[in-house]
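Visitor:
Residue numbers (UniProt numbering): 1 to 191.
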């Protein structure tokens with residue numbers, strides 16, 4: 001029981017949201033990690049470690065971290081557009097998840113140098129460059145529909161000094177996707 005409480009406290013501490021002290025963007029952009037294929041060995045099978053978990057607190061912490069990451073990306077976009085010589089495009093930027101809510105398939109509407117729309121989905125964690133992150137079915141489908149106009153901005157090491165890489169277009173071409181939840185129903189829509 002004591003081991004489980006210690007593990008729980010460590011996980012909770014890692015998920016804590018802290019805003020970075022200073023907002024620097026210049027050295028934040030890095031290359032995305034390469035996709036890897038690992039061979040499962042019997043020792044690497046999933047272990048289940050029961051523990052008491054406050055899902056509401058975790059969800060609230062994730063919302064705060066996500067919002068803070070989106071705010072950071074807005075600052076990044078302001079610098080990017082200014083360096084491209086188009087600070088006026090920043091005035092047209094729309095934080096869609098804040099102004100309209102979730103469900104659009106992206107969080108921020110920004111622009112390319114030629115004023116074409118750039119649809120940005122932000123994924124933020126405190127973990128390292130290879131940390132996993134959740135993608136909704138809606139976000140995945142939108143990445144396919146929007147094509148090269150879609151960019152996933154993967155913000156990582158947020159607490160210690162945000163770093164960023166981007167994945168343009170169809171997400172299924174960049175990452176391994178594993179179903180994590182299922183909707184159970186007694187009806188099925190076919191056709």
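For each residue, glycine too, the CB sits at the ideal point set by N, CA and C.
Ignore the nearest five residues each way along the sequence and tell me which others in residue 76's own chain have a CB closer than 8 Å to its CB.
Guide: Here the question's residue 76 lines up with position 76 in the chain shown. Correct list, in chain order: 25, 28, 153, 164.
Visitor: Determine the burial state of residue 137: buried for a count of at least 16 other Cβ atoms within 10 Å of its Cβ, exposed for fewer.
Guide: To locate residue 137, count along the chain shown from 1; it is residue 137. Exposed, since its Cβ has fewer than 16 Cβ neighbours within 10 Å.
Visitor: Which residues bound the beta strand (DSSP E) around residue 122?
Guide: Numbered from 1 along the chain shown, position 122 holds the residue referred to as residue 122. Unbroken beta strand (DSSP E) run through residue 122: 117-124.
Visitor: Is it right to say residue 116 is buried, meaning 16 or more other beta carbons lie within 10 angstroms of its own, or is it exposed?
Guide: Here residue 116 corresponds to residue number 116 of the chain shown, with the count starting at 1. Burial call: exposed.
Visitor: Can you look up residue 155 in the DSSP assignment and give me helix, strand or coil?
Guide: Taking the chain shown and counting its residues from 1, one reaches residue 155 at position 155. If DSSP states are grouped into helix, strand and coil, residue 155 belongs with the strands.
Visitor: Where do the N-terminal and C-terminal ends of the alpha helix (DSSP H) with residue 90 fall, by residue?
Guide: As a working note, residue 90 is residue 90 in the chain shown. Run containing residue 90: 87-90, per the alpha helix (DSSP H) assignment.
Visitor: Could you check whether residue 125 and residue 156 sit closer than 7 Å to each other, using their CB atoms as the reference points?
Guide: As a first step, residue 156 is located in the chain shown; it is residue number 156 there, counting from the start. As a first step, residue 125 is located in the chain shown; it is residue number 125 there, counting from the start. Their beta carbons are under 7 Å apart, which means residue 156 touches residue 125 by this criterion.
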